[in-house]
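If you number the sequence shown the way full-length UniProt numbering does, the last residue is 184 and the count never jumps. No residue lacks a Cβ here, since even glycine has one placed at the ideal position from N, Cα and C. The structure under discussion appears below in the form of structure tokens.
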Amino acid sequence: MVELEKMRDEVLIKAWALGVNTPNAMVQVLTSNDPMPNIALLACQYSLLDHADALRSTFASLKSKGTSVVVGTPLNDGVLGDRSRYNFSQDLPAGAVEKRARIMAVASRHGIDIHTAALQFAAAHPQVSAIIPGARSPGQIVSNVQAMKVGIPVAFLGRAEEPRLDRCSSTGSLMSRVHARATC
């Protein structure tokens, strides 16, 4: 990382990135005296299904260091799409199916599907510069692009009375919880 920092300082490169799949790896980087990347790829750490930890600690720390976020696996490897997989495993964590059902019910009431809601949720946070949803087929690529073109109803994004979809103890709308500093 020191060499990458040197190359950035010498304007040999504009930026460099670091990708991790676990919060512990990014916490180690954030607490070290090593140079910080311009971009952090956070795979399996921020999604509509599981985002409390990233909001509580990782995003704010990265922001304070001037590092933007690229979200990898915003569909949790398929559980928020059309597969029964969670973060590269066939084993779904306790409560994931029930939580997915609650998210699907809220999205459905607003006329959107969970795939669209999940991709747009991951992309909506101001710290996020890009998402990598992944695809196994050309049809999934088209589906991902189309999902990002759908207008999400304000009622879905902004109503304070929406049922809680995350693990946080704060109240408020889905998007206000995304954009606010987490208090959970």
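Item: Residue environment, Lys6, which counts as buried when at least 16 other CB atoms sit within 10 Å; Value: exposed
Item: Chain-order list of residues whose beta-carbon lies under 6 Å from that of Met1 (same chain, five-residue window excluded); Value: Asp34 and Pro35
Item: N-terminal and C-terminal residue of the beta strand (DSSP E) that Ala130 is part of; Value: Val128 to Ile132
Item: Proximity of Pro74 and Phe121 at Cβ, strictly below 9 Å; Value: yes
Item: The stretch 124–131 contacting the stretch 66–83, beta-carbon criterion three pairs below 8 Å; Value: yes
Item: Helix, strand or coil at Gly111 [DSSP, three-state]; Value: coil
Item: Environment of Gly139 [buried if 16+ CB atoms lie within 10 Å]; Value: exposed
Item: Beta-carbon proximity check, Leu48 vs Ala17, cutoff 9 Å; Value: no
Item: Extent of the continuous beta strand (DSSP E) run through Ala40; Value: Ile39 to Ala43
Item: Sheet register partners of Leu18 (DSSP bridge); Value: Ala40
Item: contact_flag[the stretch 109–119, the stretch 53–62] where n(CB pairs < 8 Å) is 3 or more; Value: no
Item: Among Lys14, Leu12 and Asp82, the one whose alpha carbon lies nearest that of Ser137; Value: Asp82
Item: Val11 versus Asp53: straight-line alpha-carbon distance, rounded; Value: 34 Å
Item: Cβ neighbour criterion (16 or more within 10 Å) applied to Asn144; Value: buried
Item: Where Gln45 falls, given that 16 or more other Cβ within 10 Å makes a residue buried; Value: buried
Item: Euclidean distance between Cα positions of Gly95 and Pro133; Value: 23 Å
Item: Identity of the residue in Ile131, Val79 and Val106 nearest Pro93 by Cα; Value: Val79
Item: Asp9 classed as buried or exposed, judged by whether at least 16 other C-beta atoms fall within 10 angstroms; Value: exposed
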